[in-house]
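The listed protein sequences derive, respectively, from chains L and C.
If you read the first sequence in my numbering, its first letter stands for residue 1, the second for the next number, and so on.
If you read the second sequence in my numbering, its first letter stands for residue 205, the second for the next number, and so on.
Note that beta-carbon positions come from the ideal geometry of N, C-alpha and C, so glycine has one too.
Input: a single structure, listed below in structure tokens.
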Amino acid sequence: MDIGIIIAGLLTLAIFSFLYRDNPVYKMAESLLIGVSIGYFLVITWDNTLRANLFDPLFTGGEIDLLIPFGLGLLMFGRFSSKTSALSRIPIAVLIGSGAGVAIPAMLGARTLAQMSATVQPLLTESGWLNVSGLVVLVGVLCTLAYFYFSREHQGTLGRVAKTGTWFLMIFFGTTFGYTVMSRMSTLIGRVEFLLSDFLKLTN
Amino acid sequence: MKQLQQRHYVFIGLALVVIVTMLLPYRPEIVPSAETRRMHEYIDSLPEGSVLLISFDHEASSLPEIKPLALALLRHAFSKRLKLIGIALLPEGTGVGYGLMREAAREYDMSYGEDFVYLGFRPQYVAAILSMGESIPETFPEDYLGQAYDQLPMLNGIENYDDLACVISVADGSLTTHWVEYGHARYRVKVSAFVAASMVTTYDPYLASGQIYAMVSGLRGAAEYEKLIGIGGSGARGMLAQTSMHLYVILMIIIGNLIYFRQKQRGRG
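Now the structure itself:
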């Protein structure tokens, strides 16, 4: 049997042992995961990014404009000393400024305007039937927005609409939780399948 | 040895349900959903040689759920002789994505550099997505194996999203949102998704608005896709186990509530 499969199988069992109680075998597997993840991240970042996108083009390809991001990156190391920590504010400011500049219009467009446009649908279908789905979306959005309207006390009509909004929210949370449980079960099924077929060879 | 507690019996029950159902040869009938069919029909409609960019936007921990989804997609795409470019926007997904592409490529005798390439990981996903919209070769001057972009025959003439049929994000988190916000909204590239079930409610609004073209989700989505392409895989194998586990959880909820209300009644008495 492949040594990788043996190690993966034993580590899966080690992690499952936590279901009984915390134990050294589980701790060892958990620490190994963290260590390997960090090591892998460092290697990938160095080889796939720093070397390929910065050091090779800068020092071998002569792309001197890369000195700017390189210099900004170096300033981040200023945080290691209290005397130089202020220097790290420069790259952070560049990151936040450019990040916000890029993100705000993109989010307004994709998350707000496009979603608003999708919310407002014709209430009748092409064949003349009531567009129930569109109506539910519209009512759901309006009621949920009413729930988050805090400038007036939730009484009377506003109270009833806001209460309906909480029902829509509860349905959303329930659905999301249900899907999350389903997702975790799929993960368990995947590991059990691995143990039964690859590790123990009980199934094909 | 520490005495078994109530939760241990629940875990043992769950383990038995999964193991027994996984060993049974029975496979439940699967009816593909409209969303899965839409994705399948789209890939099916692409002419041979069309280029898909598959972004492995997930971590290694979600591999058991992501693997059946990704393999179903890759098998379909390779069977249609589409050209595939793989990338990763999370470091942990880098090796996983490469391994999955190699596995599917072997099955269809596809060769690296001509039928598929793997460009690897780029940090700062927003910057990476935007940068690819301007120039893929400048974003990825080398592939995952260290070969120069212009040395890979498949990549000749592929400059940016205009040269791709679609971007497909294989995700376990919210990274597909960034493909929608930056890739689709700014560069109008078609975005589709193969996602973990936990992300369905996050992406449903984007699917309804047409910002995501098609979405296949969770182990069930994988099973549906496997049925559509006529290849059995982990999705179909896991369906009986998943259904049984759902029934088991519902049973536990009912029992738990019965115990709770009985204790409450006794307390009043």
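Assign residue i to one of two classes, buried (16 or more other C-beta atoms within 10 Å of its C-beta) or exposed (fewer than that).
i	result
C:Gln302	In the sequence on display, residue 302 of chain C carries Tyr and not Gln. Buried is the call here.
L:Trp46	exposed
C:Gln210	exposed
L:Phe150	exposed
C:Pro236	buried
C:Ile291	buried
C:Leu304	buried
L:Thr187	buried
L:Leu44	In the sequence as presented, Leu is not what sits at residue 44 of chain L; that position holds Ile. L:Ile44 comes out buried.
L:Gly156	exposed
C:Ile289	buried
C:Phe260	buried
C:Met314	buried
L:Tyr189	This sequence places Ile at residue 189 of chain L; Tyr is not what is there. Buried.
L:Gly128	exposed
L:Met185	buried
C:Ala308	buried
C:Ile372	buried
C:Leu293	buried
Please return the same chain residues whose Cβ sits closer than 6 Å to the Cβ of residue i, not counting the five positions on each side in sequence.
i	result
C:Phe398	Leu273, Leu277, Val374, Val420
C:His262	Ile270, Gly297, Ala375, Asp376
C:Gly422	Ala401
L:Thr84	Gly78
L:Thr203	Leu196, Ser197
With distance defined between alpha-carbon atoms, name the residue in the options nearest to residue i.
i	options	result
L:Ile92	L:Ser81, L:Pro105, L:Phe77, L:Ser82	L:Phe77
C:Val221	C:Pro357, C:Tyr464, C:Ala445, C:Met305	C:Ala445
C:Gly350	L:Leu200, L:Gly101, L:Arg191, L:Thr49	L:Thr49
L:Ala86	L:Leu72, L:Leu196, L:Gly99	L:Leu72
C:Val214	C:Gly471, C:Met305, C:Ile459	C:Ile459
C:Lys394	C:Gln467, C:Ile362, C:Arg279, C:Ile416	C:Ile416
C:Pro159	C:Leu286, C:Arg231, C:Pro232	Limits of chain C in this structure are 205 at one end and 473 at the other, which puts residue 159 of chain C out of reach.
C:Tyr230	C:Pro345, C:Ser448, C:Ile289	C:Ser448
L:Gln121	L:Ser81, L:Gly134, L:Thr203, L:Leu196	L:Gly134
L:Phe148	L:Val137, L:Asn204, L:Phe168, L:Val136	L:Phe168
C:Tyr312	C:Cys370, C:Ser283, C:Leu293	C:Ser283
L:Val192	C:Arg470, C:His212, C:His244, C:Ala219	C:Ala219
C:Glu338	C:Tyr348, C:Leu359, C:Gln355, C:Tyr365	C:Tyr365
L:Leu108	C:Tyr322, C:Asp354, C:Arg390, C:Ser378	C:Arg390
C:Gly324	C:Glu346, C:Ile234, C:Gly471, C:Met456	C:Glu346
Enumerate in chain order the residues of its own chain whose CB-to-CB distance from residue i is below 8 Å, with the five nearest sequence positions on each side excluded.
i	result
L:Leu75	Leu87, Ser88, Ile90, Pro91
L:Leu195	Gly9, Thr12, Leu13
Given that residue i touches chain B, what residues does it touch there, using C-beta distances under 9 Å?
i	result
C:Val453	In the displayed structure, chain B is absent; the protein chains listed are L and C.
Below 7 Å CB to CB, which residues in the same chain sit around residue i once its five sequence neighbours on both sides are set aside?
i	result
L:His154	Ala162
C:Thr343	Arg326, Ala332, Ser335, Met336
C:Asp367	Val255, Gly361
Any contact of the region 261-276 of chain C with the region 400-415 of chain C, i.e. 3+ C-beta pairs under 8 Å? yes
3 or more residues per run - each beta strand (DSSP E) lying fully within the region 51-89 of chain L: none
Looking at C-beta atoms only, is the number of pairs between the region 285-299 of chain C and the region 424-434 of chain C that lie closer than 8 Å three or more? no
Please go through the region 336-377 of chain C and give each complete beta strand (DSSP E) segment of 3 or more residues, from N-terminal end onward. 370-375
Report yes or no: do the region 439-459 of chain C and the region 222-240 of chain C share at least 3 C-beta pairs separated by less than 8 Å? yes
Is the number of C-beta pairs between the region 239-252 of chain C and the region 429-437 of chain C that are closer than 8 Å three or more? yes
Taking three-plus beta-carbon pairs below 8 Å as touching, is the region 408-422 of chain C in contact with the region 249-268 of chain C? no
Segment contact, 8 Å Cβ cut-off, at least three pairs: the region 324-341 of chain C with the region 379-390 of chain C: yes
Start-end ranges of the beta strand (DSSP E) lying completely within the region 386-467 of chain C, minimum 3 residues: 395-399, 419-421
Could I get the ranges of all uninterrupted alpha helix (DSSP H) runs contained in the region 277-327 of chain C, with 4 residues as the minimum, in chain order? With a minimum length of 4 residues, the continuous alpha helix (DSSP H) runs that stay inside the region 277-327 of chain C are 295-311.
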